[in-house]
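Line order of the protein sequences matches chains F, D and R.
Note that the first sequence ends on residue 285 in the working numbering; no numbers are left out.
Note that the second sequence ends on residue 588 in the working numbering; no numbers are left out.
Note that the third sequence ends on residue 643 in the working numbering; no numbers are left out.
A virtual CB, placed ideally from N, CA and C, is assigned to each residue, including glycine.
The structure displayed is predicted, hence computed values, not measured ones.
Below: the structure, in structure tokens.
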Amino acid sequence: MLIRARRHHSLVIGSVMLAMVILMALLSPLIAPYDPALQDLENRFSPPFWSEGGSTEHILGTDNLGRDILSRIMWGSQTSLIIGLLTVVMSGVIGSALGIAAGYFGGRLDMIVTFLVTVRLSLPVVLVALVVVAVLGNSLSLMIAAIGLLLWDRFAIVSRSVTRQLATREYIIAARCFGSSSARVLIRELLPNLYGPLLVVASLEMANAVLLEASLSFLGLGVQPPQVSWGLMVAEAKSQLLFRPWVLAIPSVALIWLVLSINLVGDALRDITTPEGRA
Amino acid sequence: MIEFLRLRGVCRDYNVGGVLSGNQTLQALRGIDLEIHKGETLGLVGESGSGKSTLAKIILGNEPPSAGQVLVGGAPLETRGRKERARLIQPVFQDPYSSLNPRMSISAIIAAPLEVQGYDTGKVRREKVREMAAMVGLPEHLLAAYPVQLSGGQRQRVAIARGLIVEPEMLICDEPTSALDASVQAQILNLLARLKSEMGLTMLLISHDLGVVRHLSDRVAVLYLGRIVEAGAAEQLLGSPRHPYTETLVGAALPARAGTKLPPPGPNAELPSPLAPPPGCAFHPRCSKADRTDCRERVPEPTVQDGNLVCCHHPNPSDLVARAVQPRTTFQFTEQ
Amino acid sequence: MTDETQLLRVEDLCVDLPTVSGLLSPVRSVSLSVARNETLAIVGESGSGKSLTATAILGLLPRSARVRSRAIELDGTDLTRLGARALRRLRGDRIAMIFQDPMTALDPCYRVGDQMVEILRQHRRISRKDAMERARGMLAQVGIPAPETRLRQFPHQLSGGLRQRVVIAMALLCEPDLIIADEPTTALDVTIQAQILSLLKSLQERTGFGLILITHDFGVVAGMADRIAVMYGGEVVETGPCDELLEAPLHPYTEGLLQALPSLRVGDGPLGLIPGVVPRQVGPRLACGFVDRCPYAETECSEHPVQMREQGFARATRCILPSDRPRDDRTVWHRQMGEDK
């Protein structure tokens, strides 16, 4: 499988791109040239170094308050990644637990979970997140909780359908026959076979989470200053689209980069894990 | 002979049919009476719709019967706990490709039943796994491998090892060699025969292949549409079958020998669906004898003669005298 | 037997599949022939290449497969020289194929009658009404009761045995000269299998088509075949008339295989075994393909690959040992446990 992984172009490119973002997030306290909140009102809207009027002092230029864009991009990556990872872990645990239980036990439990999924699918996610944050305030942890409690549906759907297929496999029946409790069957026999598909879902949901956070921050209901978020950067720059495009473009490109890398890795994982034997 | 497993009047119904076809009841098993004694191998023969898989599930305790009783070692199956049942009866399934967890190593798969029982240390378990692997002819270097690296025959050996490691009283083999090539099938059959005698196993062998059944079984029971239509000593039942269905089965088993002829085609009828069984004797549409009213109207009752059972209004005469066969075991049946 | 009487003549058929681990050769130099009104059984286990041989003859392999042969002739016409369109016209019309699984051979979305009519209208100029009438007649010929009802049904409404009869009827619609049946009864119950085989046989007696029956079941072979070709590791290792071959097999593999079958009538005792596993088919043959597993193997057997050689009338074998070598009936094939590699 590792051989296939190395030959898979999407995986290589996506992983490299993602690794760059992760490194940036990890090392930003050390390598960011400036404090991202530091305002330098004399040097407002200075363009990136490759444009006319730019300098190497601020490689990517500065924004409306003279804050260094490069440093803000670096620190902003932390926000995106933290939110992406934590929400995926949370929604992954919730969704998988519900889906596996529904798929294995069936019956009324299945009906309830399916109903919950239907309800969740009929909710407009951004709107609900907005309402929650507007009503309960917008701390980072609250936002993580809100998004985590909203993005579990695909986990539930995928884990339910795979569990249903696997539940009739003879090795599961054999496990019941040699005396395994339901808990042991689910954890020791079923779950290892779900890692592949769930990993794929996790990577795709992470992209969703990143975008959701950016949208919320863009609408002013996400991360608040002095914390940095790429979505917030886009929001603050939206009036500058025609005159000082780089202030808007650079954080947008950062978002595209991250989401693209996650999707490439996710796609590649799906290709690699699916045709391997009969899981 | 000590009785190990006894089924009394076991029935199993399923509710099928959805919104469009209405609620229908599928009677998979209609009153099964069966006994297996310790150390004996019973071959269960049946085709699609006979209910043999359902019977296996009920004996394993994975599904409850809709009516009737399953007694293991004298006590009803439901009274036995999960782990206790595991020490009594273990399965070997048909498909070597889906009977092993692809994400577990071979040694983990074989050790798992011991883990669940919980009274061995890790070291003891590992030793038992090694012994078992040797006993089923699995080379030791495969213990660290994963199922995808093993051939069909090797996987079936692993399945057998897993079934036997807790030293159960009885093994249920559900078509254990149907998915294997002929040369591999021979290896597995020889293995089962050897283990049977070395471990004194009781065995229920479910198969559609009469040659396989003949090779391993002491007694045979023939299932048709959820009822046992004939049962008796293997050699006698297969040599001179009394029920027309058994006769058809034996005729359809083509020997790989020069001069083999196809059996004469009987009445042109398909296997009936268990959802709509024919009235009276379930076999009558396919029976070359059955143009008498009693076959069409009345379900035949089982008649027991010298320990052999047959459910037919007009069975073939038994020729015990001519064959002078000693049944290896006696076969008790209570009249219904 | 002169060439003129041969309906199908295959000479030196080879199929190579390029893979990541090298060139796989699942079919190596297969030669066989079938006459009209004759049944040739191709017997082998999984991995012998028997199904691929059939698909190669019909030209149905994927483009990545490389098929070479000295000749594939149907009634003298070289099939390898035909273009794709000509080959398509041939399939279903003069050569028909019956596949193993009736559940997947029929399209679940269309009624039985419509599928049969489609076949007829592809190969003949015939009106829909006439085609439907011929389909109805064919269903009756294969022993399906109430064929008018069946024509309007969907495949999932039929039982397995009925579906296979429909598949046979579809194969016969255009009155083919040759039928290739790949494990036609493996997925069916044993009593239904007997019915279907009897049906095929009586249809052959009536219509006179040549039948290639591919199977792993020697019992089916014994009941149906006029001639047998045994395949192992992509090669034909033995051919001969059915009864003769079964009574006195020449090739050790055939002998071993027959020993391994549990019989309904022979007494107890362990079954004969063929130790080892089928070798992978990568790279050219350097020795007899069976030498690693053969209990009669001699030094010469591992020195060079073996060609088919005639042994008496209409028999051939790919073995250099003399046909009158001493044979132990069972003891030579007995091992404690087969060695699985």
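Chain D contact residues for residue i, given Cβ-Cβ distances below 8 Å
i, result
"Q402/R", "The premise fails here: Q402/R is roughly 14 Å from chain D at the closest Cβ pair, so nothing lies under 8 Å."
"E219/F", "Going along chain D, no residue has its Cβ under 8 Å from E219/F, so there is no contact; the nearest lies around 34 Å."
"S657/R", "This structure cannot settle anything about residue 657/R, because the visible part of chain R is limited to 303 through 643."
"G574/R", "A438"
Three-way DSSP call (helix, strand, coil) for residue i in this model
i, result
"V234/F", "coil"
"V410/D", "helix"
"N5/F", "Here chain F comprises residues numbered 7 to 285, so residue 5/F is not present and cannot be evaluated."
"Q609/R", "coil"
"Q561/R", "helix"
"C425/D", "strand"
"M472/R", "helix"
"T382/R", "helix"
"G512/R", "strand"
"R595/R", "helix"
"L443/D", "helix"
"F585/D", "Its pLDDT being 33, under 50, F585/D is placed unreliably in this model, and the value from its coordinates should be taken loosely. Reduced to three states, the DSSP call for F585/D is coil."
"E507/R", "helix"
"A434/D", "helix"
"P524/D", "coil"
"V125/F", "helix"
"L296/D", "strand"
"G462/R", "helix"
Strand pairing of residue i, partner residues [DSSP]
i, result
"L281/D", "R264/D"
"I374/R", "V312/R"
"Y476/D", "R479/D"
"A485/D", "R471/D"
"M434/R", "DSSP lists no partner for M434/R."
"I397/R", "R393/R, L480/R"
Residue environment, residue i, which counts as buried when at least 16 other CB atoms sit within 10 Å
i, result
"A351/D", "As written in the sequence, residue 351/D is Ser, which differs from the Ala given in the question. By the 10 Å Cβ count, S351/D comes out buried."
"T306/D", "buried"
"C411/R", "exposed"
"H467/D", "buried"
"I412/D", "buried"
"Y497/D", "buried"
"A25/F", "exposed"
"R575/D", "With a pLDDT of 43 at R575/D, under the threshold of 50, the modelled position of that residue is not reliable, and no figure is offered here."
"A140/F", "exposed"
"I89/F", "buried"
"S604/D", "Chain D is shown only over 253 to 588; residue 604/D falls outside these bounds and no answer can be derived."
"H536/D", "buried"
"L325/R", "exposed"
"E299/D", "buried"
"R368/R", "exposed"
"L270/F", "buried"
"G385/R", "exposed"
"Y371/D", "exposed"
"V164/F", "buried"
Interface partners of residue i on chain F, CB under 9 Å
i, result
"V368/D", "A181, F184, G185, S186, S187, R190"
"V418/D", "F184, G185"
Interface residues of chain D facing residue i [CB-CB closer than 9 Å]
i, result
"N49/F", "Within 9 Å Cβ-Cβ: nothing; N49/F doesn't reach chain D, min ~58 Å."
"E549/R", "R509, A510, G511"
Residue i: contacting residues in chain R (beta-carbon distance under 9 Å)
i, result
"N314/D", "Correct list: empty, because the minimum Cβ distance to chain R is about 24 Å."
Contacts that residue i makes with chain F (C-beta to C-beta distance below 7 Å)
i, result
"R355/D", "P198, N199"
"V436/D", "What V436/D touches in chain F: nothing, since even the nearest Cβ is about 18 Å away."
"Q342/D", "C183, F184"
Partners in chain D for residue i, counting only beta-carbon separations shorter than 7 Å
i, result
"Y177/F", "S350, S351, L352, N353"
"T493/R", "E299, T500, L501, A504"
Cross-chain neighbours of residue i in chain R, by beta carbon under 8 Å
i, result
"D433/D", "E347, S348, H518"
Within chain F, partners of residue i - CB distance below 8 Å
i, result
"F345/D", "E176, I179, A180"
Query raised in the report: So, do the stretch 279 to 299 of chain D and the stretch 333 to 342 of chain D have three or more beta carbon pairs nearer to each other than 8 Å?
Result: Pairwise C-beta distances place the stretch 279 to 299 of chain D out of contact with the stretch 333 to 342 of chain D, as fewer than three of them are shorter than 8 Å.
Query raised in the report: So does the stretch 236 to 256 of chain F actually touch the stretch 47 to 66 of chain F, counting three or more Cβ pairs closer than 8 Å?
Result: The stretch 236 to 256 of chain F vs the stretch 47 to 66 of chain F: in contact.
Query raised in the report: Below 8 Å, can you find three or more Cβ-Cβ pairs linking the stretch 395 to 405 of chain R to the stretch 461 to 478 of chain R?
Result: Yes, the stretch 395 to 405 of chain R is in contact with the stretch 461 to 478 of chain R.
Query raised in the report: Would you call the stretch 533 to 550 of chain R and the stretch 505 to 517 of chain D in contact, with 3 or more CB pairs under 8 Å?
Result: Judged by Cβ distances under 8 Å, the stretch 533 to 550 of chain R makes contact with the stretch 505 to 517 of chain D, as three or more pairs qualify.
Query raised in the report: With contact counted as at least three CB pairs below 8 Å, one residue from each stretch, are the stretch 421 to 438 of chain R and the stretch 490 to 503 of chain R in contact?
Result: No contact exists between the stretch 421 to 438 of chain R and the stretch 490 to 503 of chain R.
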